[in-house]
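**Student:** Protein chains in written order, with the working numbering: chain A, 92 to 296; chain B, 92 to 296.
Beta carbons are placed, not taken as given, at the ideal position from N, Cα and C, and that holds for glycine.
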């Protein structure tokens with residue numbers, strides 16, 4: 092299988108972390124898409140993912156899977172027991188819910204701030220910007236950080252006692268927040284401690 | 092189990108349709124949340140779902156599961172084989188991807204238009220609005236309809252040959268679009284045909 096991506100960007104980092112957690116890194120061929128040059132908005136790439144975003148997983152039969160959470164579903168069930176997305180119905184539901192909250196409340200909020208209220212990837216790529224909405228999403232991201240901090244006051248990981256895809260999404264969200272200069276509120280000590288712990292996982296390197 | 096919801100609204104409709112597809116409707120107690128009166132933004136409900144949105148699934152042990160896609164994960168694995176979210180890794184991934192596209196490109200886009208560029212649920216509930224972004228999302232919803240129409244030109248359902256949670260999400264998205272007066276583009280005949288077929292399922296009544 093192939094992953095079309097741009098290394099170092101937050102969403103590709105989610106899939107790389109999932110690959111490492113599953114021990115699948117060696118089974119994937121990475122294909123670089125020049126996102127800073129806008130290659131992800133060109134027809135050749137849009138044929139792979141009409142949403143115009145990386146990463147995309149290309150299966151051996153040519154099937155294209157976009158959306159990090161969908162790619163992680165595939166990888167987590169590809170071999171061995173699922174370790175990132177849950178096994179029981181209740182685990183599956185709780186992890187899925189927290190993954191969504193980390194995505195909409197943090198990672199996507201930071202992304203919207205970056206693409207709408209900063210120069211983002213530059214005028215050739217950011218062809219429509221709504222700065223007011225972008226600034227609002229910056230606040231939402233920090234509200235999201237406070238929410239996640241509260242969750243982590245009661246349990247070691249976002250969906251409970253074990254590391255899951257919800258943690259991957261939030262970890263990439265904080266990586267994006269760093270890049271976009273959206274600071275973690277100082278009183279979010281649980282979130283900072285969690286980040287420190289996650290950064291020590293082999294999959295975070 | 093209980094579902095906290097407001098009957099007739101698009102997101103609660105997604106979960107009711109999933110319950111009917113799974114034959115689980117009789118196993119659920121529905122608890123009405125007065126969304127038009129803003130009950131979903133009050134502290135008592137926010138303790139159940141800090142996102143302030145219905146529906147929420149309450150399990151018998153008190154666990155709260157929010158986010159329609161997470162609730163559907165639970166219901167689809169609660170009894171019997173999964174019929175809405177896929178069984179093989181590839182099915183799971185493709186369905187998950189299409190569910191996300193129907194959600195972000197149609198249902199959520201319509202919702203954002205409704206809450207930001209129309210009076211929405213009224214001034215007491217819509218305490219922040221960004222009309223420019225709302226109008227942009229209206230366009231995005233119609234672009235999303237065209238995308239889904241294209242998918243349906245090649246296959247009977249959004250994720251392939253069988254009805255899945257991706258179809259539920261898109262069907263509720265069109266229900267919301269009707270309510271918000273976002274018309275389906277006239278040339279989207281595949282989408283219209285699909286909607287007609289889905290409307291004839293027992294779960295759509």
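1. Going by beta carbon distance, what residues of the same chain come within less than 7 Å of residue 258 of chain A, once the five residues before and after it are set aside?
2. Name the DSSP bridge partner or partners of residue 155 of chain B?
3. Are residue 163 of chain A and residue 176 of chain A close, meaning C-beta to C-beta below 8 Å?
4. If you count every other CB in all the chains shown that lies within 10 Å of the CB of residue 274 of chain B, and 16 or more means buried, which is it?
5. Measure the Cβ-Cβ separation of residue 270 of chain A and residue 235 of chain A and say whether it is below 8 Å.
6. Which residues, in order along the region 205-220 of chain B, keep a beta-carbon less than 8 Å from a beta-carbon of chain A?
7. Since residue 202 of chain A and residue 188 of chain B should fall inside the 8 Å C-beta cutoff, what is the C-beta to C-beta distance between them, to a whole number of angstroms?
8. Counting pairs of Cβ atoms below 8 Å between the region 275-288 of chain A and the region 210-223 of chain A, do you hit three or more?
9. Could you name the residues of the same chain whose beta carbon sits closer than 6 Å to that of residue 113 of chain A, not counting the 5 residues immediately before and after it, in chain order?
10. With a threshold of 16 other CB atoms inside 10 Å of the CB of residue 133 of chain B, please say whether the residue is buried or exposed.
11. Could you tell me the boundaries of the alpha helix (DSSP H) in which residue 112 of chain B lies?
12. Please report how far the alpha carbon of residue 145 of chain B lies from the alpha carbon of residue 172 of chain A, in whole angstroms.
13. Rounded to whole angstroms, how far is the Cβ of residue 204 of chain B from the Cβ of residue 225 of chain B, which I believe are closer than 8 Å?
14. For residue 93 of chain A, which residues does DSSP report across the bridge?
15. Just list the residues that DSSP pairs residue 251 of chain B with in beta bridges.
16. Can you find a CB in chain A that lies within less than 8 Å of the CB of residue 150 of chain B?
17. Does the beta-carbon of residue 276 of chain B have 16 or more other beta-carbons within 10 angstroms, so that it is buried, or is it exposed?
18. What are the boundary residues of the alpha helix (DSSP H) that residue 288 of chain B is part of?
19. For a minimum of 4 consecutive residues, which ranges assigned as the alpha helix (DSSP H) are wholly contained in the region 179-247 of chain A?
20. Could you name the residues of the same chain whose beta carbon sits closer than 8 Å to that of residue 92 of chain A, not counting the 5 residues immediately before and after it, in chain order?
21. Any idea if residue 158 of chain B is buried or exposed, counting beta-carbon neighbours within 10 angstroms, 16 or more meaning buried?
22. Is there a C-beta anywhere in chain B that falls below 8 Å from the one on residue 161 of chain A?
23. In three-state terms, what does DSSP make of residue 172 of chain A?
24. What are the start and end residues of the alpha helix (DSSP H) that includes residue 269 of chain B?
25. Starting from the beta carbon of residue 191 of chain A, find every residue of chain B whose beta carbon is closer than 8 Å, and list them in chain order.
26. Are the CB atoms of residue 266 of chain A and residue 104 of chain A within a distance shorter than 8 Å?
27. Checking contacts by CB at 8 Å: is residue 154 of chain B closer than that to chain A?
28. Quick one: is residue 296 of chain B buried, meaning 16 or more other Cβ sit within 10 Å of its Cβ, or exposed?
29. Taking the straight line between their C-alpha atoms, what separation do you get for residue 192 of chain A and residue 241 of chain A?
30. I need the boundaries of the alpha helix (DSSP H) containing residue 134 of chain A, first residue and last residue.
31. Do residue 94 of chain A and residue 122 of chain A have their C-beta atoms within less than 8 Å of each other?
32. With distances taken between CB atoms, is the gap from residue 300 of chain B to residue 231 of chain B smaller than 8 Å?
33. Examine chain A for any beta-carbon lying closer than 8 Å to the beta-carbon of residue 165 of chain B, and answer yes or no.
34. In three-state DSSP terms, what is residue 294 of chain B?
35. Are the beta-carbon atoms of residue 137 of chain A and residue 143 of chain A separated by less than 8 Å?
**Tutor:** This is what the structure holds:
1. So the qualifying residues of the chain are 248, 249 and 289.
2. B/149
3. yes
4. exposed
5. no
6. 219
7. Not quite, the Cβ-Cβ distance comes to about 18 Å (not below 8 Å), so this is no contact.
8. The region 275-288 of chain A is not in contact with the region 210-223 of chain A.
9. 166
10. With fewer than 16 other CB atoms across the displayed protein chains lying within 10 angstroms of its CB, residue 133 of chain B is exposed.
11. 101-113
12. When rounded, the distance between both Cα atoms is 32 Å.
13. 5 Å
14. A/120 and A/149
15. B/248
16. yes
17. Exposed is the label assigned to residue 276 of chain B, since fewer than 16 other Cβ atoms lie within 10 Å of its Cβ.
18. 280-290
19. 180-193, 199-208 and 222-242
20. 118, 119, 120, 148, 149, 150 and 151
21. Flag for residue 158 of chain B reads buried.
22. yes
23. coil
24. Run containing residue 269 of chain B: 256-270, per the alpha helix (DSSP H) assignment.
25. 158, 160 and 161
26. With a cutoff of 8 Å on beta-carbon distance, residue 104 of chain A and residue 266 of chain A are scored as near each other.
27. yes
28. exposed
29. Approximately 13 Å between the Cα atoms of the pair.
30. 134-137
31. Yes; because the gap between Cβ atoms is below 8 Å, this pair is in contact.
32. Outside the modelled stretch of chain B, which goes from 92 to 296, sits residue 300 of chain B, for which no answer is possible.
33. yes
34. helix
35. yes
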